[in-house]
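Residue numbers (the working numbering), protein chains in the order written: chain A, 1 to 592; chain B, 1 to 592.
C-beta atoms are modelled at their ideal positions from N, C-alpha and C, and glycine is treated no differently.
Here's what the structure looks like:
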């Protein structure tokens, strides 16, 4: 029985037609000898009816059918009686009177219902992923993901980008996260590494004169996982030659606008706000601020430095700072409600959380007595504090202050209902520091990666004060998440060598690890730069999910396990021998 | 200087315009103080001229420029004087009179010229791949590859296929080629495997009810390499539910027609010829016949079985056969020319090569005397031998006869100019045997893979005579290459279990290795099937190349080495330790 229609596509327009459908039994009800089956395929659901009046033998066969059976049915589309119309179903005004049925495959009762919002342990969903993916919300997510990839490609194709596939079996890179390694069978004692990104290949493609490259690329990091990390992940990888940073960002904005319009029909405003790293950290305590609401961090170090609050003075003396978050409307909170913020702040390094309430026209709270009236007035003016406000003070290193108040801002903003979840607020964070000091390794490390170009005007600082250099790097931020990032690249050998020097990489090591890149820079490398979108995370935000695993067809758990296939797994000793390796010890006998 | 045009895009239409170009110096000639530079970007080449009359300082700067420097120039497009028009250049009627130049980057003399047909060792090209890819023929190949991917996607998108990414870190599979393994850091003693194909995932996606899936997927096989193999390769991976084999093949033909039309503007005729495996082997001695010419193998066993040629009789008695290839027009070859075929035939297992020439109206050759006149007449009639023909006899097992005559057919067809290289002749080879007997392992092995469905009418043979079963499997053949293949899959647990049994896989082993698939089959699996296109090979044929490495941006050598990045390579001991493995011995000190 050849399918003529999809279940979800039927409507009043088909009334009177004889149709053949293929699909799964969603539900089956027997009402006084008449059988009603909701037949599901990827397009949706339609009710098909088996009635002694017209179904003949088909009724007997249908009687043996259960949930998730795969069946083919043929019958006539008819209008439902008014009282049986189902307004919750797009096809709810019609039904199919079945005259023939074929059971294509039987089904056991699945371990959970095939429906949205199913309450079942995630590990069960992952083990039976093939059933989990039958649920409409999962199918919808995969469709949006597929569609988004298509829009990315169409846009980039239209802008004359060339799609190039770069190797998965590549070389271990000394800078960056931990690599997944693949032992070589042909070259004993040697290893391939899975790429953390196609960074160097895409730069070499610019040396090749391709000018505009893209790839929706699989990347790998052998890191301990968090909810928003997967050992393998997907990025939309982009590189261009001869464009300025502004030109590139402008093009990428148009790309993002298209993706949101054509997948979820949301209009995104462009150009996006551009925010320096310094401003993002200063105002929001984060390099990926959620800009759907204001509530900025306010600098009060200058006001409170000489106040009677000893801890403020001493922090400032040691180079730290004091900032305030004005939680508007929280001035009426009870002492307990305020105190409850303490443990939360402590998670981000706060040693305490000073506060002032504006209540009955007065500043109130334990620290008020240490302020002079002038200081009170200055704080009031600076923070715009008015009746009913709650001022939260953080005094610590800049980093801790940003972390504490940045996270309090998010928590309280959420609590106060300031965050509109239907809004998509993009921004570029720019002017990142090029280098960060690693206290443990006692050396500078690249904040972005070692191929990021300093700003032209900062190149002179490379030999004198590398910590001060700002980079031509940019992150794309959406609703508090980093959804992309990139940089203009170094394209001259001498600058790249200076960069390696600043990172404490010796010329020998640089030549050993990145010789091909340094060599390439000598054969006519164009100015170039690019970015990568975190595709999984972007899809997560596009589809309103909160977990990356929901956006990936076959994800791994937090312990990097595939519960469906049971991978990783032990392998035959012969396989291991051929790779010139041995197990360090017998595998521990424990079940994942 | 912001680029306004691409070099190769300029034409008479731009005469009089001031343009800014960015690109590479292809050549630089000094004619009496006037400098001519051929400026190359990815669009093509245009001549830019530096003349004291209008170039000012730019001339001095240009004087220091050499091949492969990256420059920006600004100037006016003018018509060339008639006698200086270059008809070999699309932009040959114009040139740009430069008034400004900026050197964006300098370049050393590259190790080989950036031009097509460069004569340089492939290892040098691979080491400097970023320069090799600057050559127009390489750029063109990459562009066609990118375009082909786009056409595949557009077609499949239009047919409502959903693109799904499947894992790269997956589980080692017992059937198939050798896996690349990835030691797990989290699970000591366990390994991921890189996928040889997304076969099981795509079948599970059909269980999920996605109905139509595709992915342009990276696949991996740790095999010893030949010219047309790479350790990682790309396939266009497709799976559908509820379609018959004929419906699927018909859709795939339309897809192929679109790809050829929209990449290289060639019209392919559809539907494609369908050829049973038995016919392909019988007529062409190959399951991937080159159908651009005829020259079929001719069965003569029945005629020669009783002839005086003892070896013919004995081969036939032992179950072998005798076949003839009629090399038309080769009857005039010298004895030496004919004898030279011997070593070639021996490569494919021939122990000798009997022949008859038709010359001066007579059969001539060493074996003629062993035939009766009636046998001569019968051979003549069967083979259509006429004056000037050469009959080549192979007598051996069916396999050897096919190999020997199949390859002689290709060699002689090529030699006689019977093969039109501008032609693309597609065919489907169908009705493959499901199982092949492995003499070494003394068991049946899957000819396609263990998930391929037998033909409906052959299912009964699974318990009685598995070797006779034909599969619902099909290969797409183009000009003597297999460019795709697939099958309708088993979708019922009991059939899959029978299949494993026929392969000598115990129920316990089947459950251990493929339990999730057998389980999935019990929860409502639709009838499904699909195929995969060998993307690299298809691009090779599309672009008229003869080596897969020419179609891949960063390929590996025959010893699975990346000469550009020097991968695989040794890694830090600490990295190895973390993976709970040890090197079996010190790596051998030898240079790849």
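Membership of residue 263 (chain A) in any beta strand (DSSP E) is not indicated; the residue belongs instead to the alpha helix (DSSP H) covering 245-264. By the criterion of a C-beta distance shorter than 8 Å, residue 141 (chain A) is surrounded in its chain by 539, 543, 545, 550 and 551, once the five residues flanking it on both sides are discounted. The shortest C-alpha to C-alpha distance from residue 405 (chain A) to any of A:353, A:384 and A:553 is the one to A:353. Its Cα nearest to that of residue 114 (chain B), the residue B:132 stands out among B:32, B:100 and B:132. Proximity of the region 314-333 of chain A to the region 390-408 of chain A meets the contact definition, three or more beta-carbon pairs being nearer than 8 Å. The three-state secondary structure of residue 379 (chain B), taken from DSSP, is helix. For the options A:510, A:25, A:454 and A:487, the alpha carbon positioned closest to that of residue 109 (chain A) is the one of A:25. Within the region 565-581 of chain B, those residues whose Cβ lies closer than 9 Å to any Cβ of chain A are, in chain order, 565, 566, 567, 568, 569, 570, 571, 572, 575, 576, 577, 578, 579, 580 and 581.
About 5 Å separates the CB atoms of residue 428 (chain B) and residue 274 (chain B); that is less than 8 Å, so the two are in contact. Proximity of residue 246 (chain A) to chain B, defined by a Cβ-Cβ separation below 7 Å, is not satisfied.
The straight-line gap separating the alpha-carbon atoms of residue 54 (chain B) and residue 43 (chain B) is approximately 27 Å. For the C-beta of residue 547 (chain A), not a single chain B residue is nearer than 8 Å; the gap to the nearest is close to 17 Å.
Residue 19 (chain B) is bridged by DSSP to B:75.
Annotation: residue 21 (chain A) to residue 221 (chain B) spans about 40 Å, alpha carbon to alpha carbon.
For residue 168 (chain A), the closest Cβ of chain B is nearer than 7 Å. Restricted to the region 301-341 of chain B, the beta strand (DSSP E) segments that are unbroken, complete and at least 3 residues in length are 321-327, listed in chain order. When DSSP states are grouped into helix, strand and coil, residue 141 (chain B) belongs to the helix group. Chain B places no beta carbon closer than 7 Å to that of residue 493 (chain A), leaving this residue out of the contacts. Here residue 105 (chain B) carries a strand assignment [DSSP, helix/strand/coil]. Looking at the DSSP output, residue 298 (chain B) sits in a beta bridge with B:324. Between residue 177 (chain A) and residue 198 (chain A), the gap from beta carbon to beta carbon reaches 7 Å or more. Within the region 107-194 of chain B, the complete alpha helix (DSSP H) segments at least 4 residues long are 122-127, 129-132 and 136-158, listed from N- to C-terminus. Identification of residues in the region 171-202 of chain B having a C-beta nearer than 8 Å to some C-beta of chain A yields 171, 172, 178, 179, 180, 181, 182, 183, 184, 185, 186, 187, 188, 189, 190, 191, 192, 193, 194, 200 and 201, given in sequence order. Burial of residue 190 (chain A) is indicated by the presence of at least 16 other C-beta atoms within 10 angstroms of its C-beta. The three-state reading of DSSP puts residue 95 (chain B) in strand, counting E and B together. Think of a sphere of 8 Å around the beta carbon of residue 108 (chain B): the chain A residues whose beta carbon falls inside it are 522 and 523, in chain order. Inclusion of residue 548 (chain B) and residue 230 (chain B) in the CB contact set at 7 Å is warranted, their separation being smaller than that value. Just measuring C-alpha positions, the residue of A:509, A:492, A:153 and A:338 sitting nearest residue 528 (chain A) is A:492. Residue pairing from DSSP places residue 240 (chain A) in a beta bridge opposite A:212 and A:529. Short of 8 Å from the beta carbon of residue 235 (chain B), and not among the five residues preceding or following it, lie these beta carbons of its own chain, in chain order: 197, 216, 217, 219, 532, 533, 534 and 535. Assignment of residue 523 (chain A) by DSSP, reduced to helix, strand and coil, places it in the strand class. Think of a sphere of 9 Å around the beta carbon of residue 13 (chain A): no beta carbon from chain B falls inside it, the nearest being about 20 Å out. Identification of chain A residues near residue 131 (chain B) by a Cβ-Cβ cut-off of 9 Å yields 207, 208, 520, 523 and 524, ordered along the chain. Beta-bridge annotation (DSSP): residue 471 (chain A) is paired with A:454. Residues 454, 469 and 471 of the same chain have their beta carbon placed closer than 6 Å to that of residue 434 (chain A), with the five preceding and five following residues left out of the count. Distance from the CA atom of residue 152 (chain A) to the CA atom of residue 158 (chain B), rounded to whole angstroms, is 16 Å.
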